[in-house]
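Engineer: Following the working numbering, the residues of the sequence shown are numbered contiguously, the last one being 239.
Glycine residues also receive a C-beta, built at the ideal position from the N, C-alpha and C atoms.
Model, not experiment: these values are computed from the prediction.
If you scroll down you'll find the structure; I have some questions about it.
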Amino acid sequence: MVKKEQIIKMTWDEYFVIELNILGDKVEKYLNENNVKVDVVVPLLRGGNIPGTYLAYRLNILKIVPVQYKYFFENGLAELRQMQKVNEDLFEKDAKMTFLLVEGNHCFGISASYAAKGLKKQFPDCEIIYAASNMDYHYQDVVKDAKASFYGRLQNSCEECSEEECKKLGFDYKKYEIFPWENIEEELTTMKMDQFQFSDMKESKNKSEFCESFDLSDIYS
């Protein structure tokens with residue numbers, strides 16, 4: 019079980035150097051080498067907000083249209099729900115657009131996979147470039163609807179790498195780094211797969227759409 023003293027909050031300078039700038043370099047190189055023009059940046063809220071905005075500024079992209087997915091923990095289940103999707107009035111359904119879908123912390127990649135599927139469902143002819151600030155080593159290729167995927171830094175947040183593997187790969191085995199803007203108490207609660215009490219949780223959940231649920235006993239086993 020994760021302990022509070024194991025959670026390290028990155029400084030803004032650390033975050034820029036070890037994740038954000040590296041991610042920007044990779045995405046920009048791919049777009050230039052493949053002559054790809056991004057039409058819309060789609061941050062996956064809440065974690066993708068900061069890196070998404072950074073990439074929009076760096077790539078000179080005006081349109082930022084977020085989506086939001088969230089896990090809710092109750093009665094031994096982790097329930098993923100869609101809280102916000104792209105307003106279809108903003109674009110033509112058959113438009114051949116390229117979306118840059120941006121996540122913050124990519125663990126199992128399930129939220130990002132649903133976000134990409136959601137974009138494809140709304141806009142079947144779109145192409146998706148996926149960029150995550152950091153990404154779990156074992157779950158790098160799970161966003162199947164993305165034409166290309168990039169990360170700023172690999173990590174072991176799903177704890178599936180052994181201590182020996184972590185040493186070889188350059189990961190910290192039992193160190194959990196969170197973003198400069200994140201709340202340690204919220205992140206610790208989520209890592210324990212307990213429900214953090216947001217001030218607007220009930221209303222937000224009631225207005226969201228069910229995606230999938232997972233039995234926590236299967237995850238813990």
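Would you kindly report the start and end of the unbroken beta strand (DSSP E) that includes M153?
Structural biologist: Sequence index remark: in the sequence shown, residue 153 carries index 135 (1-based). E145 to D154 is the span of the beta strand (DSSP E), which, as asked, contains M153.
Engineer: Taking DSSP's pairing of strands, which residues face A96 in a bridge?
Structural biologist: For this step, residue 96 is matched to residue 78 along the sequence shown. Answer is F91 and F232, bridged to A96.
Engineer: What are the start and end residues of the alpha helix (DSSP H) that includes E204?
Structural biologist: Residue numbering aside, residue 204 sits at position 186 when the sequence shown is read from its first letter. Element bounds for E204: I202 to M209.
Engineer: Span of the beta strand (DSSP E) holding Y157?
Structural biologist: The residue labelled residue 157 in the question sits at position 139 within the sequence shown. Per DSSP, Y157 belongs to no beta strand (DSSP E) and is neither H nor E.
Engineer: Looking at G170: is its Cβ nearer than 7 Å to the Cβ of I40?
Structural biologist: For the purposes of this step, residue 170 is taken as residue 152 along the sequence shown, with counting starting at 1. For the purposes of this step, residue 40 is taken as residue 22 along the sequence shown, with counting starting at 1. It is a contact, given that the beta carbons lie within the stated cut-off.
Engineer: Is it buried or exposed, C229, if we count other Cβ atoms within 10 angstroms and call 16 or more buried?
Structural biologist: For this step, residue 229 is matched to residue 211 along the sequence shown. With 16 or more Cβ atoms within 10 Å of its Cβ, C229 is classed as buried.
Engineer: Which residues share a DSSP beta bridge with Q173?
Structural biologist: Taking the first residue of the sequence shown as position 1, residue 173 is located at position 155. Paired residue(s): D154.
Engineer: For Y238 and E182, what's the separation of their Cα atoms in angstroms?
Structural biologist: Here residue 238 refers to the residue found at position 220 of the sequence shown. Here residue 182 refers to the residue found at position 164 of the sequence shown. Any reading at Y238 must be qualified, since the residue scores a pLDDT of 48, below 50, and its modelled position is unreliable; no value is offered.
Engineer: Please report the Cβ distance between D154 and S175, rounded to the nearest whole angstrom; I am assuming they are in contact, meaning their Cβ atoms lie under 8 Å.
Structural biologist: The residue you call residue 154 lines up with position 136 of the sequence shown. The residue you call residue 175 lines up with position 157 of the sequence shown. Confirmed, about 5 Å.
Engineer: Please state whether the Cβ-Cβ distance between E204 and F214 is less than 7 Å.
Structural biologist: Here residue 204 refers to the residue found at position 186 of the sequence shown. Here residue 214 refers to the residue found at position 196 of the sequence shown. Yes; because the gap between Cβ atoms is below 7 Å, this pair is in contact.
Engineer: Please determine if the stretch 26-34 and the stretch 184-199 are in contact, where contact requires at least 3 C-beta pairs separated by less than 8 Å.
Structural biologist: yes
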